[in-house]
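J.: Quick one: structure below, then a few questions.
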Amino acid sequence: MPNGNPENTKFKETRVWEILAEIPDPEIPVLTILDLGIVRKVEFHDEKPIITITPTYSGCPAMQRFEKDIVEAMEQNGFEGTEVPMIYEPAWTTDWITEKGRRKLKEYGIAPPEETTANKKALFFENDIVTVTCPRCNSKNTKLESQFGSTACKALYKCNDCLEPFEYFKCL
Amino acid sequence: MKKDLYNFAIRMGDTSWILSHRLCELCSYGPFLEEDLAMTNIGLDHIGQSEEWLKYAAELSDENIDADFLAYRRKEKEYRNVQLVEFPNEDFAYVVVRQFFMDVYNYLLYSKLTNSKDTTFAAIAQKSLKEVRYHLRHSSNWMVRLGDGTSESHERLQNAVNDLWFYTGDLFVMPESEQNLAKDGIIPDLAGLESDWNKMVMEVFNEAGMQKPEYEVLASGSFDGQHTEYMGFMLCEFQYLPNMLQDAKW
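As structure tokens, then:
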């Protein structure tokens, strides 16, 4: 295939987005990395695919796994030598989780983030004023148990109506 | 200039790195399950932040090194972390106060660094600031809960405040290399940060019923590679494996 043909490049990029749409999050397997909104850019430098991602939390151990999974999925689809650079700016926000991603989270039993980060004024004693909805019974009568859960991105909640504990994907 | 940037990146990276080590020591030793998770989660954020700073420091260095080298292969004098983070997890009150002092500091420092003229500094700050907000809310809640709790918890928290206050002076000392960076708009004036830090800390102290201790002199010297007696023991522990097995890989 000729180098630098714009139509050809466009075609390849579309193909890459399709491949990425199949890669699950290692910790929350119902979400794909596109649902999570961590892929910022897909480009080709000459023939080399460059897929730029952004970390969710700085120390998130899933990030190295993402990189490996992306390179492997690309290889399986005939793209060699993929590079996966990471950028920190603009910083990832839960606002980038897609609508579909939010729905899938709820079905999986994790309450999706409730508010946008833009109007967040929580600091010090002003606890988040958000009302988290129980993903099981949809009750709004829920209680924060701990701001930190089984992974960096989740908090622990309890539903006062159905009495089930559940996880909440907290805003960032 | 490059050397100054390197020094500051090392200072930030080392501070997060040593603090993360202390926090991760609490893994399976937390006072209860949720707190165990919280401390290790915060530790994980600090490992991540540290990696970002040390990666950048490695890029700025003239030598052919990487973030792992900086984390695991240096000698005690070459670490530039603030001394406060070395203090051991003696009592849960010490864990809380150490974290609270650092969270207020990081919150203020990262807020300013988001406007840094160095784009990598600004990017790391923007990312870290989001995480630090959660840390600060957590530690300030604990300050009030323990300070305003029982007479026992109040007394133990005050003891920790009295001991750890000595190390807070070190947070605001600016060596020449950092003064250069401040002049160029790359980092904020740390001396200016001190009054904001005091204000925020006092706000929580008032709520928690804590008294500000009086010291004639406060510790300093971390920028010069001076450490508390605890540092060597920590290095022995986390450098043991990389020293034993030079090519060890995950």
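Keeping their order, the protein sequence lines are chains H and F.
If you number the first sequence the way my numbering does, the last residue is 1202 and the count never jumps.
If you number the second sequence the way my numbering does, the last residue is 266 and the count never jumps.
Glycine included, every Cβ here is placed at the ideal spot set by N, Cα and C.
Could you have a look at residue 1196(H) and say whether DSSP puts it in helix, strand or coil?
T.: Indexing the first sequence from 1 puts residue 1196(H) at position 166. Residue 1196(H) falls in the strand class under three-state DSSP.
J.: What does DSSP give as the partner residue(s) for residue 108(F) in the beta ladder?
T.: Walking along the second sequence from the start, residue 108(F) turns up at place 92. Bridge partners of residue 108(F): none, in fact.
J.: Does the structure place the segment 152 to 167 of chain F close enough to the segment 211 to 231 of chain F that three or more beta carbon pairs sit under 8 Å?
T.: Yes, they touch.
J.: Mind checking if residue 26(F) is an interface residue toward chain H, Cβ cutoff 8 Å exclusive?
T.: Residue 26(F) sits at position 10 when you count from the first residue of the second sequence. Not closer than 8 Å to any Cβ of chain H, the Cβ of residue 26(F) fails to qualify, so no.
J.: Once the 5 residues before and after residue 115(F) are set aside, which same chain residues still bring their CB inside 6 Å of it?
T.: Position 99 of the second sequence, counting from 1, holds the residue named residue 115(F). Here the set comprises 155.
J.: Should residue 36(F) and residue 62(F) be called a contact, given that it needs their Cβ atoms to be closer than 8 Å?
T.: For the purposes of this step, residue 36(F) is identified with residue 20 of the second sequence, where counting begins at 1. For the purposes of this step, residue 62(F) is identified with residue 46 of the second sequence, where counting begins at 1. It is a contact, given that the beta carbons lie within the stated cut-off.
J.: What residue ranges within the segment 145 to 228 of chain F form continuous alpha helix (DSSP H) runs of no fewer than 4 residues, ordered along the chain?
T.: For the segment 145 to 228 of chain F, whole alpha helix (DSSP H) runs of length 4 or above, ordered along the chain, are 167 to 181, 192 to 199, 206 to 224.
J.: Classify residue 1079(H) as helix, strand or coil using the three-state DSSP reduction.
T.: Numbered from 1 along the first sequence, position 49 holds the residue referred to as residue 1079(H). Residue 1079(H): strand per DSSP, three-state reduction.
J.: At least one CB of chain F closer than 8 Å to the CB of residue 1169(H): is that the case?
T.: Taking the first sequence and counting its residues from 1, one reaches residue 1169(H) at position 139. Not an interface residue.
J.: Of the residues that make up the segment 56 to 68 of chain F, which ones have a beta carbon closer than 9 Å to any beta carbon in chain H?
T.: The residues in question are 56, 57, 58, 59, 60, 61, 62, 63, 64, 65, 66, 67, 68.
J.: How about residue 154(F): is its C-beta nearer than 8 Å to some C-beta of chain H?
T.: Position 138 of the second sequence, counted from the first residue, corresponds to residue 154(F). By this cut-off, residue 154(F) is an interface position.
J.: Using a Cβ-Cβ distance cut-off of 8 Å, determine whether residue 75(F) contacts chain H.
T.: Residue 75(F) sits at position 59 when you count from the first residue of the second sequence. No, no contact with chain H.
J.: Since residue 143(F) meets chain H, which of its residues come closer than 7 Å, beta carbon to beta carbon?
T.: Numbered from 1 along the second sequence, position 127 holds the residue referred to as residue 143(F). Simply 1088, 1118, 1121.
J.: Can you give me the C-alpha to C-alpha distance between residue 1049(H) and residue 1194(H), rounded to a whole angstrom?
T.: The residue labelled residue 1049(H) in the question sits at position 19 within the first sequence. The residue labelled residue 1194(H) in the question sits at position 164 within the first sequence. Cα to Cα, the separation comes out at about 37 Å.
J.: Note down, in chain order, every chain F residue with its Cβ under 7 Å from the Cβ of residue 1179(H).
T.: Position 149 of the first sequence, counted from the start, is the residue given in the question as residue 1179(H). Neighbours of residue 1179(H) on chain F, chain order: 53.
J.: If contacts are defined as beta-carbon pairs under 8 Å, then residue 1187(H) and residue 1141(H) qualify, I think. What distance do you get, rounded to the angstrom?
T.: Numbered from 1 along the first sequence, position 157 holds the residue referred to as residue 1187(H). Numbered from 1 along the first sequence, position 111 holds the residue referred to as residue 1141(H). Contact flag correct, Cβ pair sits at about 7 Å.
J.: Using the C-alpha atoms, what's the distance from residue 205(F) back to residue 129(F)?
T.: Counting from 1 along the second sequence, the entry for residue 129(F) is found at position 113. Counting from 1 along the second sequence, the entry for residue 205(F) is found at position 189. Taking the straight line joining both Cα atoms gives about 11 Å.
J.: When burial is assigned at 16 or more other CB atoms within 10 Å of the CB, is residue 238(F) buried or exposed?
T.: Residue 238(F) sits at position 222 when you count from the first residue of the second sequence. Answer is buried; the Cβ neighbour count reaches 16.
J.: Using a Cβ-Cβ distance cut-off of 8 Å, determine whether residue 140(F) contacts chain H.
T.: The sequence position of residue 140(F) within the second sequence is 124, counting from 1. Yes, residue 140(F) counts as interfacial toward chain H.
J.: Between residue 128(F) and chain H, is the shortest Cβ-Cβ distance under 8 Å, so that the two count as touching?
T.: By 1-based counting over the second sequence, the position of residue 128(F) is 112. No, residue 128(F) lies away from the interface with chain H (no Cβ there is under 8 Å from its Cβ).
J.: Indicate whether at least one CB of chain F lies closer than 8 Å to the CB of residue 1151(H).
T.: Here residue 1151(H) is taken as the residue at index 121 of the first sequence, counted from 1. Residue placement at residue 1151(H) cannot be trusted, given a pLDDT of 46 that sits under 50; the coordinates are not used to answer.
J.: How big is the Cα-Cα spacing for residue 40(F) and residue 1181(H)?
T.: Here the question's residue 40(F) lines up with position 24 in the second sequence. Here the question's residue 1181(H) lines up with position 151 in the first sequence. Each residue's alpha carbon lies about 14 Å from the other.
J.: Pull up the distance between the alpha-carbon of residue 189(F) and that of residue 138(F), whole angstroms please.
T.: By 1-based counting over the second sequence, the position of residue 189(F) is 173. By 1-based counting over the second sequence, the position of residue 138(F) is 122. Roughly 21 Å separates the two Cα atoms.
J.: At what residues does the beta strand (DSSP E) containing residue 1185(H) begin and finish?
T.: Counting from one through the first sequence, the residue named residue 1185(H) turns up at place 155. Start and end: 1184 to 1189.
J.: Could you check if residue 1115(H) is buried or exposed, using at least 16 other CB atoms within 10 Å of its CB as the buried criterion?
T.: Taking the first residue of the first sequence as 1, we reach residue 1115(H) at position 85. By the 10 Å Cβ count, residue 1115(H) comes out exposed.
J.: Rounding to the nearest angstrom, what Cα-Cα distance links residue 252(F) and residue 99(F) in this structure?
T.: As a working note, residue 252(F) is residue 236 in the second sequence. As a working note, residue 99(F) is residue 83 in the second sequence. Straight-line Cα distance between these residues: approximately 17 Å.
J.: When DSSP labels each residue in this structure, what does residue 1005(H) get in the three-state scheme?
T.: Residue 1005(H) lies beyond the residue range present for chain H, which begins at 1031 and ends at 1202; the question has no answer from this structure.
J.: Is there a Cβ of chain H sitting closer than 8 Å to that of residue 146(F), yes or no?
T.: For the purposes of this step, residue 146(F) is taken as residue 130 along the second sequence, with counting starting at 1. Residue 146(F) counts as touching chain H.
J.: Verify the CB distance criterion: does residue 1144(H) have a CB-CB separation below 8 Å to chain F?
T.: The sequence position of residue 1144(H) within the first sequence is 114, counting from 1. Chain F contact via Cβ: absent.
J.: Between residue 1186(H) and chain F, is there a C-beta pair that is closer than 8 Å?
T.: In the first sequence, the residue the question calls residue 1186(H) occupies position 156. So, interface residue.
J.: Quick one: which chain H residues come within Cβ less than 8 Å of residue 50(F)?
T.: In the second sequence, the residue the question calls residue 50(F) occupies position 34. Correct list: 1175, 1176, 1178, 1186.
J.: Check the Cβ of residue 1202(H) against every Cβ in chain F and list those closer than 7 Å, keeping chain order.
T.: In the first sequence, the residue the question calls residue 1202(H) occupies position 172. Per Cβ cutoff of 7 Å: 146.
J.: Are the C-beta of residue 45(F) and some C-beta of chain H separated by less than 8 Å?
T.: Residue numbering aside, residue 45(F) sits at position 29 when the second sequence is read from its first letter. Answer no: the Cβ-Cβ gap between residue 45(F) and chain H never drops below 8 Å.
J.: Quick check on the burial criterion: 16 or more other C-beta atoms within 10 angstroms. Buried or exposed for residue 1172(H)?
T.: The sequence position of residue 1172(H) within the first sequence is 142, counting from 1. Buried.
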